[in-house]
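What follows is one structure encoded as structure tokens, with my remarks underneath.
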Amino acid sequence: MKRPSFRNACIAGMRLLLQGKYTLSFDQIDFPIDKLSLRKRLNLAIQGLQLMMRTVKRIGVPPILQLEPANICNLSCLTCATGSGLMKRAPAMMPFELYQKIIDQVKDYVCLLVFWSWGEPFLNKDAFRMIRYAKAQGLIVHTSTNGHFFDTKEKAAEVVGSGLDSLIFAVDGLDQKTYEKYRRHGDLGRVLKSIENVVAARSLAKLNHPVIVLRFIVMKHNEHQVPQVKDFAESLGVDIVTFRSAVVHRGEIDVEKDIAPDSVEYRQYNYEGSPSKKNRVTKKNSYCHRPYANLTVFSNGEVVHCENDFNATMQFGNLKDSDLHKIISSSEDGSFLRMFRRNLDLIPFCRDCEMRGLKRRTANVKSFVLGEKSEKYETNH
């Protein structure tokens, strides 16, 4: 990740303060925002300054809240912390009361709610209610699913009716045999039915949301299908297709030999010599913005600086029994930011982060907007 340009930051800051317009990006998806309140404008500007200066004392709240509705999943994906068994946190669903408490504390500062972390968000029975509540408080809501939960017209109508802004479906194969090599225990037919149902429900409601994204993680066993994916997605009525490089290492899991694609274009890293010899070309000046741009809250209320701390080894507060503003201005938060500023290798989940050394800005390799889809998000809060 590159260090932000001071010139670009100044231009974006002036546009934000004078016009109330800003574009937040998460996972290489842009969320243009209009009609921001003065409080949110000031908070966004302050967060930008803190990112540029790498401050160790926090003022305000990061503009993106990543919240985990559930940390369990119906699938067992190879390198997911949940599906692979790396995550040791107790299984949990976030109670609606705790969720409501969190949203009420951030609604005047946060612009974008990322409604997932580890686990499948729609396993939480209150998922639709949670989305509706966040939308009622003026937040943009973006989520990702393995796609097994909208296989009836009623469920599809409910997700469209919730007001959800953006929905990623993870589809890593165009036939069941290919798909299930990574998405273990998954049913591709059920996923495709879910996509068709959501597209149909959106059309019936005459709405342009949620924006529907088909994400295809490119791996050794499915890279031969890449040329067909765009046409396949367009036939389903999807709005955007994103090709993503696979996470091949996480914790003690190393499946690079098994799933890293042969195509250099879709590999995560540059190499000196053969990738099998692991001569990875590392970047000396890795620049991460996550602790300043994002705040992550796990399903049991634990607050962490990054979702990659999936076992909450450095959690610095719990919203079950504490106030968010008190947590993010605590000495524990300052100690972490000081360490983060000084040397990422001092932090275990930063040291082992798969994003360090990537040959591109994000794990997303290519994104394609299908048809003439263009979405603009507005908030009056």
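Remember, my numbering sits 977 above the position in the sequence shown when you count from 1.
Cβ atoms here follow ideal geometry from the backbone N, Cα and C, with glycine treated the same way.
No experiment lies behind these values; they were computed from the predicted model shown.
Query	Result
Met1064 in three-state terms, based on DSSP	coil
Option nearest Ser1308 by Cα separation, candidates Leu1089, Lys1017, Gln1024, Lys1034	Lys1034
Ile1010 - containing alpha helix (DSSP H), residue span	Run containing Ile1010: none in the alpha helix (DSSP H); it sits in the beta strand (DSSP E), 1006 to 1011.
Contact under 9 Å by Cβ, Tyr1159 with Ala1223	yes
Backbone secondary structure at Asn1185 - three-state DSSP	coil
Cross-strand partners of Ser1222 (DSSP beta bridge)	Val1195
Neighbour-count burial assignment, Met1107, 16 or more Cβ in a 10 Å radius	buried
Cβ pair count under 8 Å reaching 3, the region 1174 to 1194 against the region 1144 to 1163	yes
Leu1141 in three-state terms, based on DSSP	coil
C-alpha gap between Asp1298 and Met1332, whole angstroms	33 Å
Close beta carbons around Ile1036, own chain, < 6 Å, minus the five adjacent residues each side	Ile1023
Whole-number beta carbon distance between Ile1049 and Leu1001, since they are thought to touch under 8 Å	Not really, about 28 Å apart at Cβ, beyond 8 Å.
Residues of its chain near His1358, where Cβ-Cβ distance is below 7 Å and the 5 sequence neighbours each way are ignored	Only weak support is given to the placement of His1358: the predicted model assigns it a pLDDT of 36, under 50, and the question is left unresolved by the model.
Cut-off 8 Å between Cβ atoms - residues of its own chain near Lys1197, not counting five sequence neighbours on either side	Asp1235, Ile1236, Ala1237, Pro1238, Asp1239
When Arg1018, Asn1051, Pro1068 are compared against Asn1277, the one with the closest alpha-carbon	Pro1068
Where Glu1355 falls: helix, strand or coil (DSSP)	Residue confidence for Glu1355 is low, a pLDDT of 40 falling below 50, so the modelled location carries little weight; the figure read from the coordinates is stated next. Strand.
Cβ separation of Asn1123 and Leu1052, assumed to be a contact under 8 Å, to the nearest whole Å	5 Å
Where Phe1279 falls: helix, strand or coil (DSSP)	It is Glu, not Phe, that sits at residue 1279 in the sequence shown. In the structure shown, Glu1279 sits in a strand (DSSP, three-state: E or B).
Under 9 Å between C-beta atoms of Pro1046 and Phe1099	yes
Rounded C-alpha distance that separates Gln1005 from Ala1340	9 Å
Start and end residues, alpha helix (DSSP H) containing Thr1032	Run containing Thr1032: none; DSSP gives neither H nor E here.
Any chain C beta carbon closer than 9 Å to Val1148	In summary, chain C is missing from the structure at hand, where a single protein chain is found.
Beta-carbon proximity check, Ser1344 vs Val1203, cutoff 9 Å	no
Residues sharing a beta bridge with Met1070, DSSP	Ala1047
Euclidean distance between Cα positions of Thr1356 and Asn1020	Model confidence at Thr1356 stands at a pLDDT of 41, short of 50, so the residue's coordinates are unreliable; what they give is reported in the following sentence. Each residue's alpha carbon lies about 15 Å from the other.
Nearest-angstrom Cα separation, counted from His1282 out to Ala1111	22 Å
Residue(s) in a DSSP beta bridge with Ala1147	Arg1192
Beta carbon of Arg1031 nearer than 9 Å to that of Leu1314	yes
Beta-carbon contacts of Tyr1246 that lie in its chain and below 8 Å, excluding the five residues immediately before and after	Pro1252, Arg1257, Val1258, Gly1334, Leu1335, Lys1336
Status (buried if at least 16 other CB within 10 Å, exposed otherwise) for Leu1165	buried
DSSP three-state assignment for Ser1171, whether helix, strand or coil	helix
Distance cut-off 8 Å: Pro1039 Cβ against heavy atoms of the ligand MN	The ligand MN is not among the ligands present in this structure, which contains no ligands whatsoever.
CB of Ala1134 within 9 Å of CB of Ala1182, strictly	yes
Short Cβ contact (9 Å threshold) for Val1175 with Phe1209	no
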